[in-house]
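Engineer: Chains as they are written, first to last, in our numbering: chain D, 1 to 147; chain G, 1 to 147.
C-beta atoms are modelled at their ideal positions from N, C-alpha and C, and glycine is treated no differently.
Since we're looking at a predicted model, the values are computed, not measured.
1) Sort out for me which residues DSSP pairs residue 34 (chain G) with in a bridge.
2) What's the C-alpha gap between residue 46 (chain D) and residue 136 (chain G)?
3) Leaving out five residues before and five after residue 9 (chain G) in sequence, what residues of the same chain have Cβ atoms less than 8 Å from its Cβ?
4) Name, going along the chain, the residues of the segment 70-87 of chain G whose beta-carbon falls closer than 8 Å to a beta-carbon of chain D.
5) Along chain G, which residues have their Cβ under 8 Å away from the Cβ of residue 133 (chain D)?
6) Just to confirm my understanding: we take residue 56 (chain G), look at its own chain, exclude 5 residues before and 5 after, and list those with CB closer than 8 Å. What are they?
7) Mind checking the segment 39-56 of chain D against chain G and listing, in chain order, the residues whose C-beta falls within less than 9 Å of any C-beta there?
8) Taking Cβ-Cβ distances shorter than 9 Å, what residues in chain D pair up with residue 94 (chain G)?
9) List the residues of chain D that residue 30 (chain G) touches, going by C-beta distances under 9 Å, in chain order.
10) At which residue ranges does the segment 74-136 of chain D contain complete beta strand (DSSP E) runs of 3 or more residues, listed in the order of the chain?
11) Can you list the residues of chain G that residue 124 (chain D) reaches, using a CB-CB cut of under 9 Å?
12) Please classify residue 6 (chain G): is it buried, with 16 or more other beta-carbons within 10 angstroms of its beta-carbon, or exposed?
13) Nearest CA to the CA of residue 40 (chain G): which residue from G:98, G:105, G:115?
14) Tell me the residue span of the beta strand (DSSP E) that contains residue 11 (chain G).
15) Using a Cβ-Cβ distance cut-off of 8 Å, determine whether residue 18 (chain D) contacts chain G.
16) Going by other Cβ atoms of all chains shown within 10 Å of its Cβ, with 16 needed for buried, is residue 53 (chain D) buried or exposed?
17) Please list, in chain order, the chain G residues whose beta carbon lies closer than 9 Å to that of residue 63 (chain D).
18) Please classify residue 123 (chain D): is it buried, with 16 or more other beta-carbons within 10 angstroms of its beta-carbon, or exposed?
19) Starting from residue 49 (chain D), trace the beta strand (DSSP E) in both directions and tell me its first and last residue.
20) What is the C-beta distance between residue 49 (chain D) and residue 27 (chain G), in whole angstroms, given that I count them as a contact (C-beta under 8 Å)?
21) Please list the terminal residues of the continuous beta strand (DSSP E) segment that includes residue 58 (chain G).
22) Which stretch, first to last residue, makes up the beta strand (DSSP E) that contains residue 24 (chain D)?
23) Determine the chain G residues that contact residue 58 (chain D) at a beta-carbon separation under 7 Å, and present them in chain order.
24) How many angstroms separate the CA atom of residue 103 (chain G) from the CA atom of residue 114 (chain G)?
25) List the residues that DSSP assigns as beta-bridge partners of residue 157 (chain G).
26) Can you list, in chain order, the residues of its chain with a C-beta nearer than 6 Å to that of residue 132 (chain G)? Leave out the 5 residues immediately preceding and following it.
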């Protein structure tokens, strides 16, 4: 059994976990499940790919939704921000998963050619869960409210 | 809003659904959520990659576990078998998802170079959920039991 390594970032509640691939002569496997590398029950996934060089994605927060970001192929740089602290993480292996709690402002950039970003989300799609304006995000964070 | 296409295979309960990518100038996105392309609440995911040419994976059934197979990059051929009927499906796009109910014998082969297979599973890992012997699988199917 391989050991997971958990790193707490300086951004509130955000963690980066490395969970080593299980390799054998039939290929490599990365696995996460609720309670072991997956801190919530996912209701939705999305895959982001074919992202042109220079593109910036994300640039929003979720009021209540939690997300787990895994770059399944290639690499991408993820920025996480809680309104007081900001940090950049390079996701360049399926071993790595970036957990973003609710009210984390997230941006992704520098997708490598062929990169595939998998995101697991705790909630079904709801347009009302998105905060798309950074100034509004800061007001919400500072007031301690989400709506 | 794009329309999903659902195909029922000749294998009991198995479906193949195509859900078109959402494309714009920032890349392409494929999304599924519980009730919309994801027929169960996932508790676990795994990613299979770096599979050498000629390798056959799977070759087991789950007594109660359900799975959704999506090839996020490249292509793979999936074989599904209910003990009476067998069918092969080429998963060559993240638009496609293959749903396998419990007690489906599954095999995957012909992974392309760079292929990444994502599997969402309805249950946490449990070695007792696996049926690894095909003759036992047939006995279970014919007796209508799972244990």
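Structural biologist: In brief:
1) G:38
2) 37 Å
3) 15, 16, 80, 87, 89
4) 70, 72, 73
5) Here the premise fails: no neighbours, minimum Cβ distance about 18 Å.
6) 107, 108, 109
7) 41, 42, 43, 44, 45, 46, 47, 48, 49, 50, 51, 52, 55, 56
8) 47, 49, 116
9) 45, 46, 47, 48, 49
10) 76-81, 86-91, 96-100, 105-109, 116-121
11) 33, 34, 35, 36
12) exposed
13) G:98
14) Premise fails: residue 11 (chain G) is in no beta strand (DSSP E) and is neither H nor E.
15) no
16) exposed
17) Within chain G, no residue comes near residue 63 (chain D); the closest Cβ sits about 18 Å away, beyond 9 Å.
18) buried
19) 44-49
20) 6 Å
21) 56-62
22) 22-24
23) Result: empty, since nearest Cβ-Cβ is about 10 Å, beyond 7 Å.
24) 29 Å
25) No answer is possible for residue 157 (chain G): the residues shown for chain G start at 1 and end at 147.
26) 60
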